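Basically my numbering = 1-based index in the sequence shown + 85.
Note that the Cβ used here is the ideal one computed from N, Cα and C, for glycine as well.
Model, not experiment: these values are computed from the prediction.
Some notes on the structure that comes next.
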Amino acid sequence: MARVTLQDVTKRYGDTVAVDRVSAEIADGEFVTLLGPSGCGKTTTLRMIAGLVELTSGHIRFDDQLMDNVPTHKRNIGLAFQSHALFPHMSVAKNIAFGLTNRRAPRAEVQAKVEEMLDMIEMTGMGDRMPSQLSGGQQQRVALARMLATDPRVLLFDEPLSALDRNLRDTLKYSILELQRRTKKTAIYVTHDQSEAFAISDRIMVMNQGRVEQAGTQLDIYLRPETEFVANFVGDNNTLQGTVRAIEPGTDGIREVVVDCSGMTVRAIAPADLAAGDAVSVFVRPEHIEVLPDGSREGQDGVLRGKIVQLVFEGPTLRMTIDADGVPLHVSVSGTERLALLDQANASVWVELRNPSVVKNPPAV
Ligand SMILES: Nc1ncnc2c1ncn2[C@@H]1O[C@H](COP(=O)(O)OP(=O)(O)OP(=O)(O)O)[C@@H](O)[C@H]1O
Ligand SMILES: [Mg+2]
Numbered sequence: 086m087a088r089v090t091l092q093d094v095t096k097r098y099g100d101t102v103a104v105d106r107v108s109a110e111i112a113d114g115e116f117v118t119l120l121g122p123s124g125c126g127k128t129t130t131l132r133m134i135a136g137l138v139e140l141t142s143g144h145i146r147f148d149d150q151l152m153d154n155v156p157t158h159k160r161n162i163g164l165a166f167q168s169h170a171l172f173p174h175m176s177v178a179k180n181i182a183f184g185l186t187n188r189r190a191p192r193a194e195v196q197a198k199v200e201e202m203l204d205m206i207e208m209t210g211m212g213d214r215m216p217s218q219l220s221g222g223q224q225q226r227v228a229l230a231r232m233l234a235t236d237p238r239v240l241l242f243d244e245p246l247s248a249l250d251r252n253l254r255d256t257l258k259y260s261i262l263e264l265q266r267r268t269k270k271t272a273i274y275v276t277h278d279q280s281e282a283f284a285i286s287d288r289i290m291v292m293n294q295g296r297v298e299q300a301g302t303q304l305d306i307y308l309r310p311e312t313e314f315v316a317n318f319v320g321d322n323n324t325l326q327g328t329v330r331a332i333e334p335g336t337d338g339i340r341e342v343v344v345d346c347s348g349m350t351v352r353a354i355a356p357a358d359l360a361a362g363d364a365v366s367v368f369v370r371p372e373h374i375e376v377l378p379d380g381s382r383e384g385q386d387g388v389l390r391g392k393i394v395q396l397v398f399e400g401p402t403l404r405m406t407i408d409a410d411g412v413p414l415h416v417s418v419s420g421t422e423r424l425a426l427l428d429q430a431n432a433s434v435w436v437e438l439r440n441p442s443v444v445k446n447p448p449a450v
């Protein structure tokens, strides 16, 4: 097992900067996911950690050992890609044993390991089958067993489930997580699927255009996006424009930012770089906008008056567009209170914006 450190890791292909000064520390045993849109540099980053792509500049370390010039086969990593590529002419057992046989491990040890791995992936007794006799999910589990059999220090996954259908993806992502938890190995997982990233990660690194925009827990990323990109890429958000009135010491010593925004006052946790007068974007999740029973709270923080202009019942959720003085707010209601709103098309309502987050606007160019 190992801690993985990336220090200003950069990859250029001619004029294209695929990965741009990425720094990160992934703790021993941690499960970290690189999440981002197509072309943002996830695979390139992973392949540099694997030693399959050479760094243009920067350094990669496993614990304190510099990896920059260590070839892939000497890094002791386990790799899983989109196509699991089992050897079709070899039995399940031979596939799992492949890495160990290559290292000329004693026969008894190899056999014991294969049995242990088959138990772990809940495929005991299936060692003699050929890959063509397995379902897609079983094949992927054998690929995981093959990866784990050599006891690698670091597990690297590049969209290992993206070729599978949805149900299988849902079960296998938990199999991967469980195997990682049980073996306590450091894992770095690449995906562009948010729900996958949210379900399995200790920490998520959101990438955009070769850079890490934000690294943090699911809650950090979802409730406290640090950039406009993160706010809009992860889940849905409403964006309002505002101006910072003040920064105040809030409760529990957490600094609060007070923002004048669409005729109301909004309070949020203050990012470090804000000052009074700054132009900011205020982000509010559709499920964090509450329709109030009446107007008795008008004038309070985060309370706005508006009109329901669109109402779509999707079963478990009710989606609405509420026009607040020309600003369209997307609202999603999923509790039983949604049923009471069904016949409220065109009604005037009051809404409360909860858990807003604030990001400083980039300077105009
Ligand atoms: N061998 C290469 N030669 C030139 N450009 C490359 C090469 N490999 C990757 N790139 C470019 O580097 C950028 C990052 O590519 P990368 O494969 O890391 O993206 P990704 O985040 O994995 O995307 P996806 O989600 O589509 O797999 C892209 O602009 C890509 O076109
Ligand atoms: Mg990729």
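Those residues which DSSP pairs with residue i across a bridge
i: Q150; result: F147
i: H415; result: T406
i: L164; result: L241
i: Q299; result: V291
i: S433; result: K392
i: E375; result: E437
i: M349; result: C346
i: I68; result: Nothing can be reported for residue 68: it is not among the residues displayed for the chain, which extend from 86 to 450.
i: E110; result: T90
i: V443; result: V367
i: P334; result: R340
i: I206; result: Note: I206 sits in no beta bridge, so no partner.
i: I273; result: V117 and L241
i: R97; result: V102
i: G327; result: C346 and V365
i: V397; result: R404
i: S142; result: T95
Closest residue to residue i among the options (Cα-Cα distance)
i: N252; options: R267, G222, I261 and T235; result: G222
i: A331; options: M349, A355 and L325; result: A355
i: V412; options: T302, S347 and M232; result: S347
i: R214; options: G184, A248, M175 and E201; result: M175
i: L396; options: G384, S417 and D410; result: S417
i: F368; options: S442, D255 and R267; result: S442
i: T328; options: I339, A353, A300 and T276; result: A353
i: A135; options: G121, G295 and G163; result: G163
i: P156; options: V138, G384, S168 and L171; result: V138
i: G420; options: T406, V107, A432 and E399; result: E399
i: T271; options: S260, D278 and S286; result: S286
i: S366; options: P448, L426, V434 and D250; result: P448
i: N323; options: N431, R97, R188 and E372; result: E372
i: D250; options: R370, Q167 and T130; result: Q167
i: K159; options: E437, G184, K445 and D305; result: G184
i: D410; options: M349, T302 and R309; result: M349
i: T406; options: S433, Q385 and S381; result: S433
i: G124; options: A300, Y98 and T256; result: Y98
Rounded Cβ spacing between residue i and residue j (contact assumed at less than 8 Å)
i: L403; j: I374; result: About 12 Å; that fails the 8 Å criterion.
i: G387; j: V351; result: 6 Å
i: D408; j: K392; result: 5 Å
i: L140; j: D149; result: Not a contact, Cβ separation roughly 18 Å.
i: F147; j: V89; result: 6 Å
i: M133; j: R238; result: Contact flag wrong, Cβ pair sits at about 16 Å.
i: V275; j: L119; result: 5 Å
i: N440; j: R370; result: 7 Å
Same chain only: Cβ atoms within 7 Å of residue i, ignoring 5 sequence neighbours per side
i: Y307; result: V319 and G320
i: S142; result: D93 and T95
i: L151; result: H144
i: L171; result: N180, P216, Q224, V227 and A228
i: E383; result: R390 and W435
Cut-off 8 Å between Cβ atoms - residues of its own chain near residue i, not counting five sequence neighbours on either side
i: A165; result: A228, L229, M232, L240, L241, F242, D243 and P245
i: L264; result: M205, I206, L229 and L233
i: P122; result: H277, N293 and F318
i: L427; result: L396, F398 and L403
i: K258; result: L246, E281, A284 and I285
Close Cβ partners of residue i (< 6 Å) along its chain, the five nearest in sequence each way excluded
i: G335; result: E341
i: R423; result: L403
i: V117; result: I111, I273 and R288
i: A182; result: V195 and V199
i: E298; result: V291, T312, F314 and V315
i: R296; result: D105
i: Q429; result: I393
i: K269; result: G114
i: L325; result: C346, S347 and V367
Nearest-residue set for ligand 1, Cβ under 6 Å from any heavy atom: Y98, T101, A103, G121, S123, G124, C125, G126, K127, T128, T129 and H277
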